[in-house]
Amino acid sequence: MTNPNPRDTGRAEQGSALSGAPDTGCEKEVSSILLRVDDLSKRFGAVQANDHVSFEVRKGEIHCLLGENGAGKSTMAECLYGTYQPDGGSIYFKGRQIRLTSPRDAINLGIGMVHQHFVLVPPMNVIENIIIGTQKKGLFLRTEEAEKKIQRLCDEYGIDLDIHAPIKELSVSQQQWTEILKALYVGVDLLILDEPTAVLTPQEIMALFRTVKKMAEQGLSVILITHKFSEVLEVSDRITVLRKGKLIGTVETRSINDRELARMMVGRDVIFRVEKEEVKPGELVLELDGVTLRNSQKMKKLDNIHLQIRRHEILGLAGVGGNGQRSLYNAIIGISPLDEGRILLCEEDLAKKSVADRMMACLAGIPEDRIKQGLLMDFSVKESLLLGRHNRPPFSRFGWLCKKKIREFAERSIANYEIAVQNGDVRTGTLSGGNLQKVILARELAHDPCCVVASQPTRGLDVGAIEYVHRRLLDLRREGAGILLISEDLDELFNLSDRLAVIYKGRIMGVFDVNDVTREKVGLLMAGISE
Amino acid sequence: MKIGTLHLEKRTHVSWYVQGFSILIALAGAFGVGALLIMTTGASVGEAYAALFKGAFGSRNAFLETLVQSTPLILTGLAMVVAFRARVWNIGAEGQFFAGAMAAAWVSMTLHDDLSGPLLLAAVLVAAMLAGACWAMIAAYCKIRFNANIIIVTVMMNYIILFLLSYLLSNTWREPGSYFMQTARFERITYLPRFFSSRLHLGFFNALIASVLVYVLVWKTSLGYSIRAVGVNPVASQFKGIQIKRTILTVMLISGALAGLAGGGEIAGLQHRLRLDISTGYGYTGIIIALLGRLNPVGVALAAIFFGALVNGSTHMQIFTGVPVALVQSLQGIVLIFLLMSDVLTRYRIRRTPHAD
Chain A
0 MTNPNPRDTG RAEQGSALSG APDTGCEKEV SSILLRVDDL SKRFGAVQAN DHVSFEVRKG
60 EIHCLLGENG AGKSTMAECL YGTYQPDGGS IYFKGRQIRL TSPRDAINLG IGMVHQHFVL
120 VPPMNVIENI IIGTQKKGLF LRTEEAEKKI QRLCDEYGID LDIHAPIKEL SVSQQQWTEI
180 LKALYVGVDL LILDEPTAVL TPQEIMALFR TVKKMAEQGL SVILITHKFS EVLEVSDRIT
240 VLRKGKLIGT VETRSINDRE LARMMVGRDV IFRVEKEEVK PGELVLELDG VTLRNSQKMK
300 KLDNIHLQIR RHEILGLAGV GGNGQRSLYN AIIGISPLDE GRILLCEEDL AKKSVADRMM
360 ACLAGIPEDR IKQGLLMDFS VKESLLLGRH NRPPFSRFGW LCKKKIREFA ERSIANYEIA
420 VQNGDVRTGT LSGGNLQKVI LARELAHDPC CVVASQPTRG LDVGAIEYVH RRLLDLRREG
480 AGILLISEDL DELFNLSDRL AVIYKGRIMG VFDVNDVTRE KVGLLMAGIS E
Chain B
0 MKIGTLHLEK RTHVSWYVQG FSILIALAGA FGVGALLIMT TGASVGEAYA ALFKGAFGSR
60 NAFLETLVQS TPLILTGLAM VVAFRARVWN IGAEGQFFAG AMAAAWVSMT LHDDLSGPLL
120 LAAVLVAAML AGACWAMIAA YCKIRFNANI IIVTVMMNYI ILFLLSYLLS NTWREPGSYF
180 MQTARFERIT YLPRFFSSRL HLGFFNALIA SVLVYVLVWK TSLGYSIRAV GVNPVASQFK
240 GIQIKRTILT VMLISGALAG LAGGGEIAGL QHRLRLDIST GYGYTGIIIA LLGRLNPVGV
300 ALAAIFFGAL VNGSTHMQIF TGVPVALVQS LQGIVLIFLL MSDVLTRYRI RRTPHAD
């Protein structure tokens, strides 16, 4: 048999005939539709990631898929790219029903995708990375022709990239350009970008959007997946909103504002800005004095860092991910010993203090990866709340766990922090992201810390949970704690911080009063440009 | 027409009866395959299994002998529970068992004139535990200092101690004038007391006490909490101030001491002389026992008695039905294979996929 699935083609023709039938009134409209998703469903275990979702993407359109984390945006994209096969529903591309068994099928049809995590070969240059796997014949790569074509694409779309540079020397945003070029090179009609702005500075985001708009002008359709309103409103033509796997609706961007969009996305009104009251900073609680940390190759991960945090103050640390934030967190809570410099907590040198000692000295840490670094998913909530305190009174006496005290603490935490769980005996792993973060907050803030280091405290949380975390941080600030807020979310940093520091390649590029600095300036510093 | 296909779905919660059910399925599967093996010998499956049961539980003495057989298995199983709870893969219980046996033998040979009665017996058992702990500590040190793979180190240590014992038994410790590689029989004063005019010795009760202690350690103490936390998520444990290296060391010491006690108990309670064949792989069987008992001290005691029954009944089975004792050894292995397979059942549930069309 030449056609492996003869039933499909028959069905496809039938399908397109059917889809044409009701729309005969507006013939033009039909032909301008590139992709139509009809009643698509996808289930993972108990989670219905996509629940009968339908939407259309027009030719030359920038179409945003908007939704909170876990709304099913990425699952939808992976179904369109052939990584997953939907459980039900159909996909029509250029008027024909398609059935994708792998990304290769999608690429052959003209659907390209750029993932959050890039698939590039670091020692090879841009050209080689792009043409790898595209050449059908011959043993050696023929680059001359490809080079011309890639250069033409760069000029056409205004992409500023040295295509002879090896990937390992490129910045994250340049690597993303390479991924986009990869898709353009094989000639796609539909390009899917999955959270493309998560790793970029504001300036890089602007450049990306300029190019995406140019692509759309040239007739390419782009699906942009994101959860950030500002981006959606800035760049897209139409928006499809998903919530908990279900389609909420598709709207024209020009006919909607951010409040309406937020209501669609979350299902209720959202307060965009938490009220921050005026409080005067008190005495110094945490001081980093020339902190330097090297990796095993003696490269500096942290380079002579000086920071000071006072009571009643939130110091925000801005920076693109991977510029030393993780090392800084580890250094402060005591996992990585310093190579140079000192960390002082309430004027006391922490050098000789273990992780546990620092906790007892009223330092609290909210780790960036709450599942890997913060919680014991196989333990009960009660036991997860105990971690770090399991070997000291009142929870432990002479090495024995005090069951009663532990249960009381769990009950108190669940009530005070509104953790959505019946009781403390439920397995931690069954909780949602927001509730997991509440467990960590309850545990870390139980001993009234004077200094809190919060790393990406709202990453991956839904809007309601973000609001909750923000309120808690501001409560702490009012009550007199000094807070170091490490975040990649500039909105969050500008909303909460009193002062802002920018980190780039392990160095502090500057510390500013949040009212005296613009986003543009911070964005430039995040990219390492000080002028 | 296409029928909906089956797929696996991860369970969010594993209840105790699902766990129990999966163990029963594994045992049923193993005995099923065992039945096929019995058929190849030409014997009747029913008769063979009946003889096996009768040999293990048929009389008071048979039952007591089953407990005797289970004694070292309870202890090596417990040794694995402590280690595996922290995800420290101590495969060296066999070596630690021999270390304990050798220490017990040494104390029996050298101190029987200096100490008396209970004091001597205590010295024998304590020496066995210390020796097992020390032998385990070598592997723990390699892990902590050089980040060596603990599985490989512990397995190698098993061979090292066997050859060391083999050397000692052919030279210094060899019974004068004996043809066999064994020590002389120890003085009667070093024997553990026996009960119910059977071979059941004090070691069995030690093993029961150890089960209770391990249960208390794992679930009721803050050390046990640390051990379990390190096993579940070492990164989070470290972030919250639990010292991973210290925990690994502690776990290996306890695990080694339990395996050493098993060796000491066999020497002082049963063998009364040191030979190369005092263990029939108790250290390795302990791994199966620990998994069969779901890393739970009570489960381990039950699993060990079950395995002890198999071993004890197998002789009876061989005598009366001609099915060789080796069947039981293969049965033990088959149980493990089925157990690992049935693990899928506990962690996933089978669902029918609603078909796309």
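Keeping their order, the protein sequence lines are chains A and B. Take the first sequence: its position 140, counting from 1, is numbered 139 in numbering that gives the first Met the number 0, and each next residue is one higher. Take the second sequence: its position 45, counting from 1, is numbered 44 in numbering that gives the first Met the number 0, and each next residue is one higher. Ideal Cβ placement from N, Cα and C applies to all residues, glycine included. What you are looking at is a predicted structure, and each value in this text was computed from that prediction instead of being measured.
Residue i and residue j look like a contact to me (Cβ under 8 Å); what is the Cβ gap, rounded to whole Å?
i, j, result
"A:HIS531", "A:ILE222", "With chain A represented from 0 up to 530, any question about residue 531 of chain A goes unanswered, as that position is not in the structure."
"A:GLN296", "A:SER454", "About 24 Å separates the two Cβ atoms, so there is no contact after all."
"A:ILE365", "A:PRO456", "5 Å"
"B:VAL154", "B:CYS141", "Wrong, their Cβ atoms sit about 12 Å apart, outside the cutoff."
"A:GLU194", "A:PHE117", "The pair is not a contact, with the Cβ atoms about 12 Å apart (cut-off 8 Å)."
"B:GLY285", "B:THR65", "The Cβ separation is near 17 Å, so there is no contact."
"B:GLY444", "B:LEU330", "Because chain B spans 0 through 356 in this model, residue 444 of chain B falls outside it and cannot be assessed."
"A:LEU64", "A:ILE224", "5 Å"
"B:SER107", "B:PHE185", "4 Å"
"A:VAL319", "A:GLU487", "7 Å"
Skipping 5 residues on each side, what residues in its chain have a beta carbon closer than 6 Å to that of residue i?
i, result
"B:ALA82", "ASN89, VAL250, SER254"
"A:MET75", "ASN49"
"A:PRO280", "ARG309, HIS311, GLU312"
"B:PHE96", "ALA258, ALA261, GLY262, SER278, TYR281, GLY282"
"A:ARG293", "LYS299, ASP338"
Compare the C-beta of residue i with all C-beta atoms of chain A and state if any pair is closer than 8 Å.
i, result
"B:VAL231", "yes"
"B:ALA235", "yes"
"B:LYS219", "yes"
"B:TYR214", "no"
"B:PHE238", "yes"
"B:LEU222", "yes"
"B:ILE226", "no"
Can you find the residues in the same chain that come closer than 8 Å, C-beta to C-beta, to residue i, ignoring five residues on each side of it along the sequence?
i, result
"B:LEU222", "LEU216, THR249"
"B:PHE180", "A quick correction: the sequence has Met, not Phe, at residue 180 of chain B. Result list for B:MET180: SER165, LEU168, SER169, ARG173, ARG274, LEU275, in chain order."
"A:GLU367", "GLN324, ARG325, TYR328, SER454, GLN455, ARG458, ILE485"
"A:ASN124", "ILE162, HIS163, ALA164, PRO165, ILE166"
Please confirm whether any heavy atom of the ligand ATP lies closer than 7 Å to the CB of residue i.
i, result
"A:LYS58", "Among the ligands in the structure shown, none appear at all, so the ligand ATP cannot be discussed."
Assuming contact is defined by CB atoms lying nearer than 8 Å, are residue i and residue j in contact in what I supplied?
i, j, result
"B:THR182", "B:ARG245", "no"
"A:ILE110", "A:LYS181", "no"
"A:LYS381", "A:GLY340", "no"
"A:GLY387", "B:GLY240", "yes"
"B:LEU199", "B:LEU63", "yes"
"A:TYR91", "A:ARG35", "yes"
"A:LEU374", "A:LEU337", "no"
"B:LEU110", "B:LEU119", "yes"
"A:HIS533", "B:SER225", "Since the first residue of chain A shown is 0 and the last is 530, residue 533 of chain A is not available in this structure."
For residue i and chain B, any beta-carbon pair shorter than 8 Å?
i, result
"A:PHE92", "no"
"A:SER395", "yes"
"A:HIS389", "yes"
"A:MET75", "no"
"A:ILE162", "no"
"A:LEU400", "yes"
"A:ALA355", "yes"
"A:ILE418", "no"
"A:ILE342", "no"
"A:MET214", "no"
"A:ILE331", "no"
"A:ILE334", "yes"
8 Å is my cut-off, CB to CB: does residue i come that close to chain D?
i, result
"A:PRO366", "Within the model displayed, chain D is absent; protein chains A and B are what it includes."
Using a Cβ-Cβ cut-off of 7 Å (strictly less than) and excluding sequence neighbours within five positions of residue i, which residues of its own chain qualify?
i, result
"A:ARG42", "ALA48, ASP86"
"A:SER535", "Outside the displayed range of chain A (0 to 530) lies residue 535 of chain A, so it cannot be described from this structure."
"A:LEU524", "VAL501, TYR503, MET508, GLY509"
"A:TRP176", "ILE158, LEU160"
"A:THR23", "Note on A:THR23: pLDDT 40, under 50, position unreliable in the model; the coordinate value appears next. No residues qualify anywhere along the chain."
request  = Determine which residues of the region 13-36 of chain B have a Cβ less than 7 Å from any Cβ of chain A, and write them out in chain order.
outcome  = Result list empty, no residue passes.
request  = Closer than 7 Å, Cβ to Cβ, to anything on chain A: give me those residues from the region 292-309 of chain B, in chain order.
outcome  = Taking 7 Å as the Cβ-Cβ cut-off against chain A, none of the residues of the region 292-309 of chain B qualify.
request  = Return the residues of the region 370-388 of chain A that lie within a Cβ-Cβ distance of less than 8 Å from chain B, sorted by chain order.
outcome  = Listed by position along the chain: LYS371, GLN372, GLY373, LEU374, LEU375, MET376, ASP377, PHE378, GLU382, LEU385, LEU386, GLY387.
task = Taking a Cβ distance cut-off of 8 Å, strictly less, list which residues of the region 298-325 of chain A are near chain B, in chain order.
result = Of all residues in the region 298-325 of chain A, none places a beta-carbon less than 8 Å from a beta-carbon of chain B.
request  = Report the residues of the region 466-488 of chain A with a CB closer than 8 Å to any CB of chain B, ordered along the chain.
outcome  = The region 466-488 of chain A vs chain B, Cβ under 8 Å: nothing.
ask   = Mind listing which residues of the region 255-269 of chain A have their C-beta closer than 8 Å to chain B's C-betas, in chain order?
value = Per Cβ criterion, the list is empty.
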